[in-house]
Amino acid sequence: MVLLGKVALGIAGTAIAGIGLICSEGMIEVNVVEKQPEAHHVYVLAPAMLVPIATHFIPSSKLGHASAEIKPWMPTIRAALEQLRAVEDVTLVEVREPGQHVVVAKSGGSVVVDVTDKDDVVHVSAPIRAIESTVEQVAATSAETQD
Amino acid sequence: MRKGIRAIGVCGVLALTMSNLAGPAMAAAAPTERYLHVKVDNASKGESVNVNLPLSMAAAILPTVNKGSLHNGHVTIGEADFNGVDVRAILDAIRNAPDNEFVTVKEKDQDVRVAKSNGNLIVHVLDKTKDGEKVDVTVPMKVVDALFSTTKDNELDVAAAIRALSDAGDAVLVTVQDATEHVRIWIDSHSSSE
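Chains as they are written, first to last, in numbering that gives the first Met the number 0: chain W, 0 to 146; chain R, 0 to 193.
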């Protein structure tokens with residue numbers, strides 16, 4: 000009985016540690032609400048750590064063009080993301096025009112994009128660390144492809 | 000067992016006390032972030048654009064960009080853009096001169112004024128033909144000096160100018176106003192443009 004308890008505790012501990020590890024880079028949140036009569040609502044909340052892992056499984060031929068484009072800009076992207084992580088929360092860009100409102104902000108370690116127009120309300124939030132890992136992954140894919 | 004719990008409690012209280020003491024001290028030591036704000040309002044179209052860029056971010060990004068005429072934070076300018084004018088000599092003269100109005104041009108359709116005041120280089124342009132467009136540019140002399148601090152005559156050190164802007168006080172750098180549109184570029188320590 001005690002042995003079973005210990006095994007159960009071990010499994011539970013491993014599961015909690017696994018969940019903690021997967022969620023350690025934060026969560027990516029995508030929320031799309033259509034305003035039309037037959038409104039669709041899409042809501043996705045996924046561990047950010049899965050994105051760079053998923054990127055690893057995309058065939059390098061599919062990522063070749065994107066990675067070739069992104070590679071020369073890697074020093075700039077790294078510098079931008081590093082600084083973005085360091086600065087306090089800030090609204091980087093806000094555009095308002097009749098029927099449309101776009102906000103790009105840094106909020107709590109994430110880059111948040113909110114778009115509201117006459118048809119949709121879109122909210123995307125991605126942790127900066129996850130963006131960094133994904134971009135690095137894409138750039139690395141390029142190197143592997145070219146080698 | 001009790002001793003152990005007591006020791007954990009004491010450690011917790013100590014940790015809380017240390018974090019409370021260290022928090023304000025660290026906050027006081029951290030330099031205040033400066034922001035470059037750009038605000039464009041078009042009243043006739045009901046449009047507005049706000050950009051708030053941390054200067055530390057701009058200073059970190061600029062040296063990494065190597066594209067076109069921008070390299071390592073320096074912008075290369077063709078000889079033709081200076082039209083043979085020795086800009087550095089003119090700036091030296093302005094720097095050493097007392098506050099004054101250096102250029103005043105009044106034409107039928109345009110007024111231009113260039114002056115130095117309180118350590119700032121000021122340019123006013125009033126275009127009387129185009130919806131009465133009015134442009135005011137105020138640049139701290141330190142920033143102008145930083146901009147021309149490169150050893151090459153045909154280069155501007157934009158990264159140095161950004162660093163100089165970080166050290167400058169709150170300032171409105173550019174305003175452009177015409178019948179429909181208002182553009183404002185300024186620097187302060189607020190993360191929002193309100």
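Even for Gly, the Cβ is constructed at its ideal location relative to N, Cα and C. Quantities reported herein were computed from a predicted structural model and do not represent experimental measurements.
CA-CA distance, Arg33/R to Glu96/W, rounds to 28 Å. Chain-order list of chain R residues neighbouring Thr75/W: Ile60, Thr63, Val64, by C-beta distance under 7 Å. The closest CA to that of Asn117/R, considering only Pro139/R, Met56/R, Asp187/R, is found on Pro139/R.
When DSSP states are grouped into helix, strand and coil, Thr63/R belongs to the helix group. Pro36/W has no beta-bridge partner at all, per DSSP. Each residue's CA atom was taken as its position, placing Val103/W and Gln82/W some 16 Å apart. In the three-state DSSP reduction, Asp177/R falls in the coil class, being neither helix nor strand. Rounded to whole angstroms, Leu52/R and Gly12/W show a C-alpha spacing of 44 Å. Per DSSP, reduced to three states, the secondary structure at Ser68/R is coil, with no helix or strand assignment. Chain R places a beta carbon closer than 8 Å to that of Glu93/W, counting this residue as a contact. Judged by DSSP in its simplified three-state form, Lys151/R adopts coil rather than helix or strand. Between Ile161/R and Val173/R, the C-beta gap is not smaller than 8 Å, which leaves the two residues out of contact. Chain-ordered, the chain R residues with CB closer than 7 Å to the CB of Pro97/W read Gly45. Using beta-carbon distances, Glu135/W does not count as an interface residue toward chain R, since no partner is under 8 Å. At a cut-off of 8 Å between C-beta atoms, Gln82/W counts as an interface residue with respect to chain R. Pairing Pro58/W with Ser132/W gives a Cβ-Cβ distance that is not under 8 Å.
Below 8 Å, enough C-beta pairs join the segment 84-99 of chain W and the segment 41-51 of chain R to call them touching: three or more. Within chain R, the residues placing a beta-carbon under 7 Å from that of Val86/W are Glu32, Pro53, Ser55, Met56, ordered along the chain.
Taking a 10 Å sphere around the C-beta of Ala85/W, we find fewer than 16 other C-beta atoms and assign the residue as exposed.
With a contact defined as Cβ atoms closer than 8 Å, Thr54/W and Val137/W qualify at about 6 Å. Two segments are said to touch when three or more pairs of C-beta atoms, one from each, lie closer than 8 Å; by this definition the segment 121-129 of chain W does not touch the segment 91-99 of chain R. One Cα belongs to Ala78/W, the other to Lys34/W, and the distance between them is close to 38 Å.
Against chain W, a Cβ distance below 7 Å from Val142/R picks out nothing, because the smallest value is about 21 Å. For Ala139/W, the closest of Ala14/W, Pro71/W, Gly9/W by C-alpha to C-alpha distance is Pro71/W. Looking only at His36/R, Leu35/R, Thr31/R, Asp40/R, the smallest Cα-Cα distance to Thr179/R is reached by Asp40/R. Shown here is that no member of the segment 106-127 of chain W has a Cβ falling below 8 Å from a Cβ of chain R. Residue burial is scored here from C-beta neighbours: Asn99/R has fewer than 16 other C-beta atoms within 10 angstroms and is therefore classed as exposed.
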